[in-house]
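Residue numbers (our numbering), protein chains in the order written: chain B, 1 to 112; chain D, 1001 to 1116.
For reference, the structure is listed below as structure tokens.
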Amino acid sequence: GENVEQHPSTLSVQEGDSAVIKCTYSDSASNYFPWYKQELGKGPQLIIDIRSNVGEKKDQRIAVTLNKTAKHFSLHITETQPEDSAVYFCAAANFGNEKLTFGTGTRLTIIP
Amino acid sequence: DSGVTQTPKHLITATGQRVTLRCSPRSGDLSVYWYQQSLDQGLQFLIQYYNGEERAKGNILERFSAQQFPDLHSELNLSSLELGDSALYFCASTYSGTHSSYNEQFFGPGTRLTVL
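What follows is the structure, given as structure tokens:
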């Protein structure tokens, strides 16, 4: 089955700087890669996703890149703000098997 | 607010007991997914239901079972509970469980289960 690895497990950045979280996946059949943000006491919330026919996607301060050959995808947050502090999860799935396989999470702390 | 509701928010019980967790999906969503989130295992997919029928199964223990009712709400039943079952249990819903595309899963706030 699919295996998703996520790094780093914790990340602290100064407010206004950029943060990058990286994931790798094992199943070449995976073609959908969402990123979720989980705040304390809440369920995960989708912040951006990318499908395998696209190499990069951007939504304001958030961008995701996908390298299918290397089976890597990354989340980039620019101009970080205190409200970006949360746990971020990457995940992978394919259209034929809809279950999401999650990475182990990255605790992002923005230092004011 | 995702529109997915879960009850109860917290549950404390003893080993060997049985509990039922309830999930109401977003209005119009046909698929319900259950996930377990523990400190050492991260978010693990348990099971998916689509319009009342089981669609996919993950690493769900035999002591656990689920169902989806005609009104589309779902229940996750956990029996013969062990200390290691203590975790957050999330359900998520999405409109379609089709194989032709992938739709965003909307997560509920979770039920925190503590087994003493």
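Quick reminder that beta carbons are idealized off the backbone N, C-alpha and C, glycines included.
Computed from a prediction, not measured in an experiment: that's the story for all the values here.
Contact check for Y88(B) against T101(B) fails: the beta carbons are separated by 8 Å or more. Rounded to whole angstroms, I1012(D) and L1021(D) show a C-alpha spacing of 12 Å. Counting along the chain, D49(B) sits inside the beta strand (DSSP E) bounded by residues 45-51. Residues of the same chain with a CB within less than 8 Å of the CB of V54(B), apart from the 5 flanking positions on each side, are L66 in chain order. S85(B) is the residue among S74(B), S85(B), E39(B), Q45(B) whose C-alpha sits nearest the C-alpha of Q14(B).
Straight-line spacing of the CA atoms in T1005(D) and R1026(D) works out to 8 Å.
In the three-state reduction of the DSSP assignment, G1084(D) falls in the helix class, which pools H, G and I. The segment 59-73 of chain B and the segment 29-36 of chain B touch, with no fewer than 3 CB-CB distances between them shorter than 8 Å.
The shortest CA-to-CA distance from A29(B) to any of P44(B), L11(B), S52(B) is the one to S52(B). Taking D49(B) as reference, the option from A92(B), G41(B), I111(B) with the minimal CA-CA separation is A92(B). Residue environment for Q60(B): exposed (fewer than 16 other C-beta atoms within 10 angstroms of its C-beta). For the pair of segments examined, the segment 1054-1070 of chain D was found to touch the segment 1035-1046 of chain D: the number of CB pairs separated by less than 8 Å reaches three. Classified as exposed, T69(B) has fewer than 16 neighbouring CB atoms from the shown chains inside 10 Å of its CB.
Between the alpha carbons of T78(B) and L1113(D) lies a distance of about 36 Å. Listed in chain order, the positions of the segment 37-50 of chain B with a beta carbon within less than 8 Å of a beta carbon of chain D are G41, K42, G43, P44, Q45, L46, D49.
Judged by DSSP in its simplified three-state form, D17(B) adopts coil rather than helix or strand.
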